[in-house]
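Worksheet: one structure, shown below.
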Amino acid sequence: MKETARFKGILKKLLLLLAATFLIPNCSIRVPETKGQIKQKISRYFPVESYVKVEKTIWAEKPILGGLVTIAVPVGGATGSGVLVSYKRQVTVLTAGHLCEQSPNGAGQSFSVTDINGAKHASNLIYSKFEPGLMDLCLLTVDKPAGLWVVPVSEVEPEKGELIKNIASPFGIVFIEGGQRTVPLFYGIYHGAISKNYSLCWVPSQIGSSGSMALNANDQIIGILVMINTRVPGMAYMINVNGLKNFFDSIPD
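Shown next as structure tokens:
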């Protein structure tokens, strides 16, 4: 009898545990993420295929043969970063406006862009607008862009404190590791708008970062870096989403 009672007791406990499996909520179910947690997530992917190095060459006329012949010679230049974007269903290059600013003394200038594969493309100016403190963007053509990817522009400004990504080429740096080419890749923090077209962000940046893309977690452009604070490392200024819209709206037909 004692063995029977003991057996019944064990069976009762097993039945209670079995019922609990179905009736008690599973404590391992993941709690839904808050909006803030979702905002802090960011893709590990960097669209380096959409990066280009922008080079400007300044030309001046030089007389030779006693002034009988005049030729154009390179007398200077500038280097910056750029990103491939779609404009009127064409692949174009978006970069900083001060890079495309007309050279002094009426000297001529020409542009070229080099993609991540090392291929150099002819480029021409479509439109540039450089007004310090108001606008600083430039749009260039790119010759033979086969195989290159464009990056979409976001329609929404990021929130303050949101994580961002930056693909830039300070001093024109491009790395080749194991046969793979890449450029410096950075994470940063969006601080917020400081004017209608400008925003402040915190991201490692140097000379040559001008024109580089700032991306949100969806790999959309939320800004183009155009200026750094030389006294405060990591403090950078960019043309924000609103400024990008205003720039494209101002391009003449």
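Residue 48 in this note's numbering sits at position 48 of the sequence shown, and the numbers go up by one each step.
Glycine is no exception: its CB is placed at the ideal position from the N, C-alpha and C atoms.
If you're wondering where the values come from, they're calculated on a predicted model, not measured in any experiment.
1) Where does the unbroken beta strand (DSSP E) through F130 begin, and where does it stop?
2) Keeping to the same chain, check which residues put their C-beta closer than 7 Å to that of V91; ignore five residues upstream and five downstream.
3) Taking 8 Å as the cut-off, does the stretch 179 to 187 touch the stretch 151 to 161 (at least 3 CB pairs, one atom from each stretch)?
4) Counting beta carbon pairs with one atom in the stretch 202 to 218 and one in the stretch 93 to 101, are three or more of them shorter than 8 Å?
5) Within its chain, find whatever has a CB closer than 8 Å to the CB of N242; leave out the 5 residues flanking it on each side and keep chain order.
6) Out of curiosity, what's the CA-to-CA distance linking P152 and W59?
7) By the three-class DSSP mapping on this structure, what secondary structure does G161 have?
8) Pick from D115, L125, V73 and L134: whose alpha carbon is nearest that of V226?
9) Can you tell me whether G36 is buried or exposed, with buried defined as 16 or more other CB within 10 angstroms of its CB?
10) Straight-line CA distance for C138 to I64?
11) Considering only residues of the same chain and omitting the five flanking positions on each side of Y187, which have a CB-CB separation below 7 Å?
12) Under a three-way DSSP split, which group does G243 fall into?
13) Going by other Cβ atoms of all chains shown within 10 Å of its Cβ, with 16 needed for buried, is G223 buried or exposed?
Inspection of the coordinates gives the following:
1) L125 to E131
2) L84, V142, P145, L148 and V150
3) The stretch 151 to 161 is not in contact with the stretch 179 to 187.
4) yes
5) E157, A193, K196 and N197
6) In a straight line, the C-alpha of P152 is about 34 Å away from that of W59.
7) coil
8) L134
9) With a pLDDT of only 44 at G36, under the threshold of 50, the placement of this residue in the model should not be trusted, and no figure is reported.
10) Taking the straight line joining both Cα atoms gives about 35 Å.
11) L163 and K165
12) In the structure shown, the three-state DSSP call for G243 is helix.
13) buried
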